Amino acid sequence: MRRLRLLLGTALFACAGVRAATYPLDFDYLEKAELSSAMRTLAESAVAVEAELRGVAAPDLSARARIVAALERMLSSARTLETQRPTNHPLLDANITAFTRDVEAAKAAATADPPSFFLAGSVSGACRYCHRR
Ligand code: HEC
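When you read off a place in the sequence shown, starting at 1, and then add 1, the result is the number in the numbering used here.
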């Protein structure tokens, strides 16, 4: 179903001629550069989080602060993509809320007392809402 929506969306926009100016007002056109930059931040931050946790049983306070900061970068990037209106990326629209919720849960656990880093350690698993590997 997800794939079908993506294909339909692509076909529709290809026919319509992809131009920001031609979209109706209740539509958010995400520029490729904007999406790439948000994705780069997501990727770099997820790598940073997992690098902090690799082989570490209990991160110290400064490692914890770096982990939380990286999760926050992920959240603010994800939120730039989380519009209330449909975008030209139906797959993104369908999954961005679930992704944000997972990163929020990872941050909440990492900042809890006592902290848990289990969710942070598998945060790149949430990329699979939209990406297959
Ligand atoms: C809610 C959906 C969604 C999630 C979650 C998501 N992505 Fe993406 N990602 C996309 C879309 C849509 C594209 C653009 C694909 C295209 O060009 O058509 C993309 C593109 C990318 C790209 C290529 C960027 C470029 O320069 O063009 C990278 C790298 C990437 N994602 C990494 C990640 C990583 C790492 C995660 C998890 C931390 C992630 N993504 C999570 C939807 C998502």
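All C-beta atoms in this analysis are idealised placements derived from N, C-alpha and C, irrespective of residue type, glycine included.
Computed from a predicted model, the values in this text were never measured in an experiment.
What's the gap between the Cα of residue i and the Cα of residue j?
i    : j    : result
V50  : T84  : 26 Å
I68  : A47  : 9 Å
F118 : L54  : 8 Å
A39  : R86  : 18 Å
A17  : D114 : At A17, the pLDDT of 47 sits below 50, so the modelled position is not reliable; the number obtained from the coordinates is stated separately. Whole-angstrom Cα-Cα distance: 53 Å.
A34  : A70  : 24 Å
L31  : H132 : 18 Å
F14  : T101 : Residue confidence is low: F14 scores 49 on pLDDT, short of 50, so the model does not pin down where it sits. Its coordinate-derived value is still stated next. If you take the alpha carbons of F14 and T101, they lie about 26 Å apart.
V57  : D27  : 47 Å
With the cut-off set at 7 Å, would you say residue i and residue j are in Cβ contact?
i    : j    : result
Y130 : A99  : yes
L72  : A107 : yes
T42  : R80  : no
Could you confirm whether any beta carbon from chain B is found closer than 7 Å to the beta carbon of residue i?
i   : result
R86 : Included in the structure is just one protein chain, with no chain B present.
Can you tell which of the options has the C-alpha that lies nearest to the C-alpha of residue i?
i    : options           : result
A66  : P116, N89 and S38 : P116
S125 : N89, S37 and E45  : E45
For residue i, is the classification buried or exposed, using 16 other Cβ atoms within 10 angstroms of its Cβ as the cut-off for buried?
i    : result
D103 : buried
L62  : exposed
A127 : buried
Excluding the five sequence neighbours on either side, which residues of its own chain have a C-beta within less than 7 Å of the C-beta of residue i, listed in chain order?
i    : result
G122 : E51 and L54
T112 : V69
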